[in-house]
Amino acid sequence: MAVSAANGETPEDNITVPEDNVTIPEDNITIPEDNVTVPEDNITIPEDNITIPEDNITIPEDNITVPEDNITVPEDNITIPEDNVTIPEDNVTVPEINVTVPEVNITVPETNETIPVSIIPPTIGTSNEISIINETTNTTSRVDVGPNTGGIVVNPNGTNVYVTDIVNNTVSVINTINNTVAATVNVGQYPTGVAVSPDGTNVYVTNSNSNTVSVINTINNTVTATVDVGNYPAGIAVNPNGTNVYVTNFINNTVSVINTINNTVTATVNVGQYPTGVEVSPDGTKVYVTNANSNTVSVINTINNTVTATVNVGQYPAGIAVSKDGTYIYVTNVISNTVSVINTINNTVIATINVGQYPAGIACVGTYVYVTNVISNTVTIINTINNTVIATVTAGSTPVPVGKCVCPLPILKPRPVANFSSQVILMVQFKDLSKNATKWYWDFGDGTTSTKQNPLHRYKTAGNYTVKLTATNKYGTNSKITTVNVCTGK
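Numbering-wise (the numbering used here), the sequence shown opens with residue 728 and increments by one.
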């Protein structure tokens, strides 16, 4: 099961970053200044690389229809034979980001794994609807989830989709059998990340403005517990046996470990600056965290909840995905426009792959990795066998899974950090007052000279300098010597 939303438009070229979180209407939700201010000396955000829509990005209201049978091919007549693509026989929920697929024959293993869905909230370019696509019957139906989607997750058996509403502070439960909203659950303020337990009985939601995690019982769709965590929880993941939940606290630079038996925080692990994405290894022994402002990935040993390794990656790492066998980690570097491939055996980067601008979402599906590039409005497809890009596709007609739905919204809008340096420049402007001169020769007293009439000279150090001007014309020369005091102005 994967979720997709239709991308009809690309964000305007001139876009700015909001002071707070993505698409929070200014009159509805604010993050208290005392909760979001990070010490100036601990944060360095690149100043000139990424600009994200500051406020409201208009999402097209018109309906974008995803062809059920025919694939729209690029103008260079590239087609994919239908008999070369094997799709899992399951209900696949895919985000409505439509992509025209180039000439690539991709065989997806017939497994029961849930295909991840998009990390990108609707304000970056998806519609208000999600499509429920049944690959067995090749039919598509839609459900309106509203304009404020923050996170999306599908339960293991594919019967329900859980969608967070960041404005109304709710989680919508969508029944995939009849494609209707079966329930709406009230949670905390600004729900962003969402994850489901392996048995599908519980859904966990990070409430970024409440600093809590809501635990939803999926049988009766009620909140059974609210767990206090760190400041501005964002990413969330559940271990394979469902006993622990891991939450990244964006402001505190920590990861909270929640015991799902009693819904209490049993450990708080210090990681790098601005932790966003989080993933658990398939065997549950390791947790991987992207630290956006440290340009690193922290590796946590889940037995003793300690960081055992820190891996340097690209600038502003955000999205993260683990291969099915757990041998490789794939990380999107938002500022570098790359994907780092980490070997989990020795925790080293074995490849750096160039992708589109502002890569955010990332998902591993079989032997392929899909990366959403927000600014480029493209999806990069990577072959994991040789870590090469086999295709870069733009919005078209064939929906593909495009990113893990962790939804740590702060990665889409890094806060500005004020900073400056100063240097006293010992500049002296000399003005010629000579009469009848046609040539000038200045000796500034520090070993340098000039033949300009009105030179601007920079001294390296403060002090008293003996300056000599020699004025010349065809009838002779004349000189004047004076002492100039060059000071710092202090």
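Using N, Cα and C, we set each Cβ at its ideal position, and we do this for glycine too.
Three-state class that DSSP yields for residue i in the structure shown
{"i": "C1214", "result": "coil"}
{"i": "Y1055", "result": "strand"}
{"i": "D892", "result": "strand"}
{"i": "G1093", "result": "coil"}
{"i": "Q1156", "result": "strand"}
{"i": "I904", "result": "coil"}
{"i": "D1170", "result": "strand"}
{"i": "K1207", "result": "strand"}
{"i": "K1187", "result": "coil"}
{"i": "P918", "result": "strand"}
{"i": "N1060", "result": "strand"}
{"i": "A1198", "result": "strand"}
{"i": "Y1001", "result": "coil"}
{"i": "G1010", "result": "A small fix is needed here, since residue 1010 is Asp in this sequence, not Gly. Coil."}
{"i": "G969", "result": "coil"}
{"i": "Y1085", "result": "coil"}
{"i": "I1102", "result": "coil"}
{"i": "T987", "result": "coil"}
{"i": "A1019", "result": "coil"}
{"i": "G877", "result": "strand"}
{"i": "V942", "result": "strand"}
{"i": "S899", "result": "strand"}
{"i": "N913", "result": "strand"}
{"i": "V1076", "result": "strand"}
{"i": "V956", "result": "coil"}
First through last residue of the beta strand (DSSP E) which encompasses residue i
{"i": "S1025", "result": "T1023 to N1028"}
{"i": "K1179", "result": "Run containing K1179: none; DSSP gives neither H nor E here."}
{"i": "S935", "result": "Per DSSP, S935 belongs to no beta strand (DSSP E) and is neither H nor E."}
{"i": "P960", "result": "P960 to V965"}
{"i": "K1162", "result": "It is not in any beta strand (DSSP E) - K1162 carries neither H nor E in the DSSP assignment."}
{"i": "T1107", "result": "T1105 to N1110"}
{"i": "N1070", "result": "T1065 to N1070"}
{"i": "D926", "result": "No beta strand (DSSP E) contains D926, which DSSP labels as neither H nor E."}
Beta-bridge pairing of residue i - partner residues as DSSP gives them
{"i": "Q1042", "result": "Per DSSP, none; premise fails for Q1042."}
{"i": "P883", "result": "DSSP, once it has assigned bridges, lists no residue as partnering P883."}
{"i": "A679", "result": "An answer regarding residue 679 cannot be provided, because it is not within the stretch 728 to 1217 covered by the chain."}
{"i": "I978", "result": "The partner list for I978 (beta bridge, DSSP) is empty, contrary to what the question assumes."}
{"i": "T951", "result": "Beta-bridge pairing links T951 to no other residue."}
{"i": "V930", "result": "V923 and I943"}
{"i": "V1049", "result": "I1056"}
{"i": "T1035", "result": "In the DSSP output, where bridge partners are listed per residue, T1035 has none listed."}
{"i": "T995", "result": "S983"}
Contacting residues, own chain, Cβ-Cβ under 6 Å from residue i (five flanking each side not counted)
{"i": "A1048", "result": "Y1057, I1089, A1090, C1091 and K1131"}
{"i": "D1170", "result": "T1176 and K1195"}
{"i": "S1103", "result": "G1083 and Q1084"}
{"i": "T1012", "result": "T1029"}
{"i": "E993", "result": "For clarity, residue 993 is Thr in the given sequence; the question names Glu instead. So the qualifying residues of the chain are V984 and N986."}
{"i": "N913", "result": "T897"}
{"i": "I943", "result": "V912, V930 and V950"}
{"i": "Q1166", "result": "The question names Gln, but residue 1166 is Lys in the sequence shown. Correct list, in chain order: T1199."}
{"i": "V1076", "result": "S1067 and I1069"}
{"i": "I1027", "result": "V996, V1014 and V1034"}
Close beta carbons around residue i, own chain, < 7 Å, minus the five adjacent residues each side
{"i": "T1209", "result": "V1194"}
{"i": "I777", "result": "In this prediction, I777 scores a pLDDT of 42, lower than 50, which makes its location untrustworthy; no coordinate-derived value is stated."}
{"i": "D775", "result": "Caution is warranted here: a pLDDT of 46 is assigned to D775, below 50, making its placement in the model unreliable, and no coordinate value can be reported."}
{"i": "E927", "result": "It is worth fixing the name first, because residue 927 is Gly in this sequence and not Glu. Counting only Cβ-Cβ distances below 7 Å, and skipping sequence neighbours, we find N882, P883, N884 and T945."}
{"i": "A1164", "result": "A1198, T1199 and N1200"}
{"i": "N1081", "result": "N1064 and T1065"}
{"i": "A1189", "result": "L1153, V1213, C1214 and T1215"}
Spatial neighbours of residue i in its chain, beta-carbon cut-off 8 Å, leaving aside the 5 residues before and after
{"i": "D1052", "result": "P1009"}
{"i": "A1078", "result": "S1067, V1068 and N1114"}
{"i": "S911", "result": "Before going further, note that residue 911 is Thr rather than Ser in the sequence given. Answer for T911: T897, V898, S899 and V900, listed in chain order."}
{"i": "T991", "result": "V954 and I985"}
(request) Say whether the segment 957-975 touches the segment 892-910, bearing in mind that this needs 3 or more beta-carbon pairs closer than 8 Å, one atom from each stretch. (result) Of all C-beta pairs linking the segment 957-975 to the segment 892-910, fewer than three are shorter than 8 Å, placing the two stretches out of contact.
(message) I'd like to know if the segment 910-918 and the segment 963-972 are in contact, where contact means that at least 3 CB-CB pairs between them fall below 8 Å.
(response) no
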